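Heads up, the sequence shown stops at 1414 in my numbering, and the numbers go up one at a time, no gaps. Think of the CB as a built atom: it goes at the ideal place given N, C-alpha and C, for glycine as much as any other residue. Bear in mind the structure is a predicted one, so any value in this text is a computation, not a measurement. Let me begin by presenting the structure, written as structure tokens, before commenting on it.
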Amino acid sequence: MKKINKILIVNDDGINAIGLKSMIKIAQTICEDVWVVAPMYEQSGVSRAISIHDPIYVEQLDEKVFTIKGTPADCVIMAVEVLMPVEPDLILSGVNRGHNAADFTHLSGTVAGAGMGSSLNIPSMALSLMGNISGDASALQWQMVEDQAPKLIQKLYNMQLDISSIINLNFPNCNSQNLQGVKVCNMGKRQDRFVIVDSRENLRGSKYYWVNLKATDKRPQTGSELEALQQNYIAITALTQNLTNFKMNEDIKSHI
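Next up, the structure:
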């Protein structure tokens, strides 16, 4: 077993999120030196945005616990470049409330936290728990994630991960007894129009809008993380940083 000497935890749900508490428990199961740098406020959907137009304020809450006014990517940058005396062996982002699969992967601040870690050449994993983000967060199956995640993380870390990749783990919202196992999956593509735009009017008659996302896809692609989650499997997907569509590049070359 490869020893994990130091872990950095970040998230996008904010410093007070219930999933952050689970992530700390998970990390402390496999590592003695755990650091937390999390946003002051929820940053869901910010992807890999960084704060280049605003100052970043840092508040220290404990010896190894900090909260910042910034994004998940900011958290990783501040932790590695400023707050930690030695960079971590592993970055864990999450545990997010709600899955980060298929098209949501591109939007996710949770996956982006792991992505920034990978960009800094540090092995990084994102963890998310499927579930309705508008319901009672405490009713989701956090205990199952706490039970299952430590051994999975350790097994993956033992592999000496390709630091140019991001490991994206999505957990179904079921208890350990109903869990069907683990599947290595492809990143899916939503078949539905998953964006919702709600038009409203304030008390002065001015129109405004709320943008939201549909959580589930009723027709998930075969072999995708969404299919695995609906079947109560933990979905593991290795994501590459390189977004090049090599086939389309060749097609373009043949037409210009």
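- Message: Could you give the first and the last residue of the continuous beta strand (DSSP E) run that contains LEU1384?
- Response: To locate residue 1384, count along the sequence shown from 1; it is residue 226. No beta strand (DSSP E) contains LEU1384, which is instead part of the alpha helix (DSSP H) from 1383-1388.
- Would you grab the beta carbon distance between ILE1394 and PHE1329 for me? Rounded to a whole angstrom, and I think it's under 8 Å. Here residue 1394 refers to the residue found at position 236 when the sequence shown is read from its first residue. Here residue 1329 refers to the residue found at position 171 when the sequence shown is read from its first residue. Their Cβ separation, rounded to whole angstroms, is 10 Å, which puts ILE1394 and PHE1329 out of contact at 8 Å.
- Could you name the residues that DSSP lists as bridge partners for ASN1254? Here residue 1254 refers to the residue found at position 96 of the sequence shown. Answer is SER1286, bridged to ASN1254.
- Apply the 10 Å Cβ neighbour rule to LEU1250 and answer buried if 16 or more other Cβ atoms are within range, or exposed otherwise. The residue given as residue 1250 occupies position 92 in the sequence shown. Burial is judged here by how many other beta carbons sit within 10 angstroms of a residue's own beta carbon; LEU1250 has at least 16 and is buried.
- Beta-carbon proximity check, ALA1272 vs MET1283, cutoff 9 Å: Here residue 1272 refers to the residue found at position 114 of the sequence shown. Here residue 1283 refers to the residue found at position 125 of the sequence shown. The answer is yes: Cβ separation under 9 Å.
- Coarse secondary structure for PHE1352, derived from DSSP in three states: As a position in the sequence shown, residue 1352 is number 194, starting the count at 1. DSSP places PHE1352 in coil when its eight states are reduced to three.
- Message: Check for me: the beta strand (DSSP E) holding ALA1393 runs from which residue to which?
- Response: The sequence position of residue 1393 within the sequence shown is 235, counting from 1. Taken as a continuous stretch (DSSP letters only), the beta strand (DSSP E) holding ALA1393 covers 1391-1398.
- Assign GLU1221 to one of three DSSP states: helix, strand, or coil. Translated into positions along the sequence shown, residue 1221 becomes position 63. Looking at GLU1221 - three-state DSSP - the assignment turns out to be coil, as it is neither helix nor strand.
- Just tell me which of PRO1213, ASN1258, LYS1179 has its CA closest to the CA of GLU1385. As a first step, residue 1385 must be located in the sequence shown, where it is residue number 227. Of the candidates PRO1213, ASN1258, LYS1179, ASN1258 places its Cα closest to the Cα of GLU1385.
- May I ask which residues mark the beginning and end of the beta strand (DSSP E) holding LEU1371? Against the sequence shown, residue 1371 aligns to sequence position 213. Counting along the chain, the beta strand (DSSP E) containing LEU1371 begins and ends at 1365-1371.
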